[in-house]
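S.K.: Structure below; questions to follow.
Numbering (my numbering), first residue to last: 11 to 207.
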């Protein structure tokens, strides 16, 4: 009997957000986590049973052995660390899948970019465009025709209403609500519980 082998994936970043990413990857069941990349002094430690096998200085060497990678560093405020890692891994030839929880709803009329994660309970409705290397966190709602550009984090329970445009590298805090067709400028930091009109 032929048993297909799941492709291996590396995770970059072994903190709290990594645990949430691991959980979604396990539930989605498309990839096998080969290991985690973190600071050199943490090599050999484990996160939810997965070993930290290397630091980001080893990425070039790892690119010769692994095809798939995913950034599992969180983003509160600046996107710069995630953006730098994303660009570095792209230059090295890694492929970024999109990771979508089976417990999220994603309309077939939406577009999700590479390296983006859609977490448990999130809803992405028709006509939505989400860029690359984004975090759409648990129970976030992205309504029809909204656009979230690259390297953004839409936090837990945030509501991005119809036609809203969230520009690159923005952080939208938990339980924020946006009025329809609002434009949120690049590099915005919207604190939790905000109402954006």
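Every residue gets a Cβ at the ideal spot worked out from N, C-alpha and C, and that includes glycine.
Please determine, among 142, 135, 192, the residue with the shortest C-alpha to C-alpha distance to residue 94.
M.R.: Residue numbering aside, residue 94 sits at position 84 when the chain shown is read from its first letter. Taking only the C-alpha atoms, the option nearest residue 94 is 142.
S.K.: Taking C-alpha atoms, which residue in 79, 50, 85, 89 lies nearest to residue 229?
M.R.: In this structure the chain extends from 11 to 207, so residue 229 is not present and cannot be described.
S.K.: Among 25, 72, 109, 92, which residue has its Cα nearest to the Cα of residue 56?
M.R.: The sequence position of residue 56 within the chain shown is 46, counting from 1. With distances taken between Cα atoms, residue 56 lies closest to 25.
S.K.: For residue 62, which residues in the same chain have their Cβ closer than 8 Å to its Cβ, ignoring the five residues on either side in sequence?
M.R.: Counting from one through the chain shown, the residue named residue 62 turns up at place 52. Once the five neighbours on either side are set aside, the close Cβ partners of residue 62 are 24, 45, 46, 47, 48, 52, 53, 54, 55, 56.
S.K.: In terms of alpha-carbon separation, which member of 125, 201, 115 lies closest to residue 138?
M.R.: Counting from one through the chain shown, the residue named residue 138 turns up at place 128. Here the closest residue by C-alpha is 115.
S.K.: To the nearest angstrom, how far is the alpha carbon of residue 15 from that of residue 204?
M.R.: Here residue 15 refers to the residue found at position 5 of the chain shown. Here residue 204 refers to the residue found at position 194 of the chain shown. Between residue 15 and residue 204, the C-alpha separation is close to 45 Å.
S.K.: Assess contact between the stretch 171 to 183 and the stretch 148 to 161, defined as three or more Cβ pairs (one per stretch) separated by less than 8 Å. Is contact present?
M.R.: Yes: at least three Cβ pairs fall under 8 Å.
S.K.: How would you call residue 199, buried or exposed, if buried means at least 16 neighbouring beta carbons within 10 angstroms?
M.R.: Locating residue 199 in the chain shown gives position 189, where the first residue counts as 1. Exposed: under 16 other Cβ atoms inside 10 Å.
S.K.: Alpha carbon to alpha carbon, what distance is there between residue 81 and residue 96?
M.R.: Position 86 of the chain shown, counted from the start, is the residue given in the question as residue 96. Position 71 of the chain shown, counted from the start, is the residue given in the question as residue 81. Each residue's alpha carbon lies about 7 Å from the other.
S.K.: Using the beta-carbon count (16 or more within 10 Å), is residue 120 buried or exposed?
M.R.: Taking the first residue of the chain shown as position 1, residue 120 is located at position 110. When all chains shown are included, residue 120 counts as buried.
S.K.: Using 8 Å for Cβ pairs, my map puts residue 174 next to residue 187. What's the rounded Cβ distance?
M.R.: Residue numbering aside, residue 174 sits at position 164 when the chain shown is read from its first letter. Residue numbering aside, residue 187 sits at position 177 when the chain shown is read from its first letter. Between residue 187 and residue 174 the Cβ distance is about 10 Å, and since that is not below 8 Å, they are no contact.
S.K.: Just to confirm before moving on: does the CB-CB distance between residue 152 and residue 146 stay below 8 Å?
M.R.: Taking the chain shown and counting its residues from 1, the one referred to as residue 152 is at position 142. Taking the chain shown and counting its residues from 1, the one referred to as residue 146 is at position 136. Yes, Cβ-Cβ distance for residue 152 and residue 146 is below 8 Å.
S.K.: Taking 8 Å as the cut-off, decide whether the C-beta atoms of residue 18 and residue 76 are in contact.
M.R.: By one-based count along the chain shown, residue 18 stands at place 8. By one-based count along the chain shown, residue 76 stands at place 66. It is a contact, given that the beta carbons lie within the stated cut-off.
S.K.: For residue 60, which of helix, strand or coil comes out of DSSP?
M.R.: Translated into the one-based positions of the chain shown, residue 60 becomes position 50. DSSP places residue 60 in strand when its eight states are reduced to three.
S.K.: Do residue 98 and residue 71 have their CB atoms nearer than 8 Å?
M.R.: Along the chain shown, read from residue 1 onward, the residue named residue 98 stands at position 88. Along the chain shown, read from residue 1 onward, the residue named residue 71 stands at position 61. Not a contact, by the Cβ cut-off of 8 Å.
S.K.: Specify the secondary structure class of residue 157 as computed by DSSP and reduced to three states.
M.R.: One-based indexing of the chain shown puts residue 157 at position 147. Three-state DSSP puts residue 157 in a strand.
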